[in-house]
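What follows is a set of notes on a single structure, which appears directly below.
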Amino acid sequence: MRVVLALLAAICLVGTAVAYTKIQYNNGDEILRMLQLYDGKTYVMFFYDAPGANRDLRTINDYYKDRLKSEILEPNPDEPTEYMYAEIDATDYYGNGYLVDRLNVTRDSLKEKPNIVVMKDGKGNVIYGPTAMNSVQTSLEKLSQPPE
């Protein structure tokens, strides 16, 4: 019986594997230092404006975050890339303001929709708007190509 339970647990773990590592950080400077390492890792950063009492913005942020995770970051057997992922509150000016400014995230646009920054070895894009998921996918495909 224990063997069966152990086998089921192992199957569940394999089935729930993710293709991203969520970055644990204290402030944006830590993320900026990671980006400056040029370590060959692909970074996907979700910048949002903390919605507070604004339910519409909370709904929009959650919608984009869920789509990003389910459509882009979740495992794809054809794509072995592992992404470094972070969710960054752009309203935390003291903790994340410098990172927001350095990556040219437009604060005004965050009042309507989140921004997604995709980077690898110093190259990347700031993406937002209704076609964000398609643009993120295209950007990731370009970044996965070997340099010319």
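Residues -19 to -1, 1 to 129 (mature numbering (1 follows the signal peptide of the UniProt record, and there is no 0)) are what the sequence shown spells out, left to right. Glycine is no exception: its CB is placed at the ideal position from the N, C-alpha and C atoms.
Helix or strand or just coil, what does DSSP make of residue i?
i: Glu68; result: strand
i: Asn106; result: strand
i: Gln118; result: helix
i: Glu55; result: coil
i: Asp73; result: coil
For residue i, list the residues DSSP reports as bridge partners.
i: Met96; result: A small fix is needed here, since residue 96 is Asn in this sequence, not Met. The partner list for Asn96 (beta bridge, DSSP) reads Phe28.
i: Thr23; result: Tyr64, Lys101
i: Tyr1; result: Tyr64
Are the beta-carbon atoms of residue i and residue j separated by less than 8 Å?
i: Ala67; j: Met26; result: yes
i: Pro95; j: Tyr45; result: yes
Nearest by alpha-carbon distance to residue i: which of the options is it?
i: Tyr79; options: Gln5, Tyr1, Ile4, Arg14; result: Arg14
i: Asp10; options: Ser90, Tyr75, Lys123; result: Tyr75
Please report how far the alpha carbon of residue i lies from the alpha carbon of residue j, in whole angstroms.
i: Leu(-12); j: Gly110; result: Here Leu(-12) scores only 43 on pLDDT, less than 50, and its place in the model should not be relied on; the value that follows carries that caveat. In a straight line, the C-alpha of Leu(-12) is about 42 Å away from that of Gly110.
If you measure from the beta carbon of residue i to each beta carbon in chain C, is any gap under 8 Å?
i: Gly103; result: Chain labels in this structure do not include chain C; a single protein chain is all it has.
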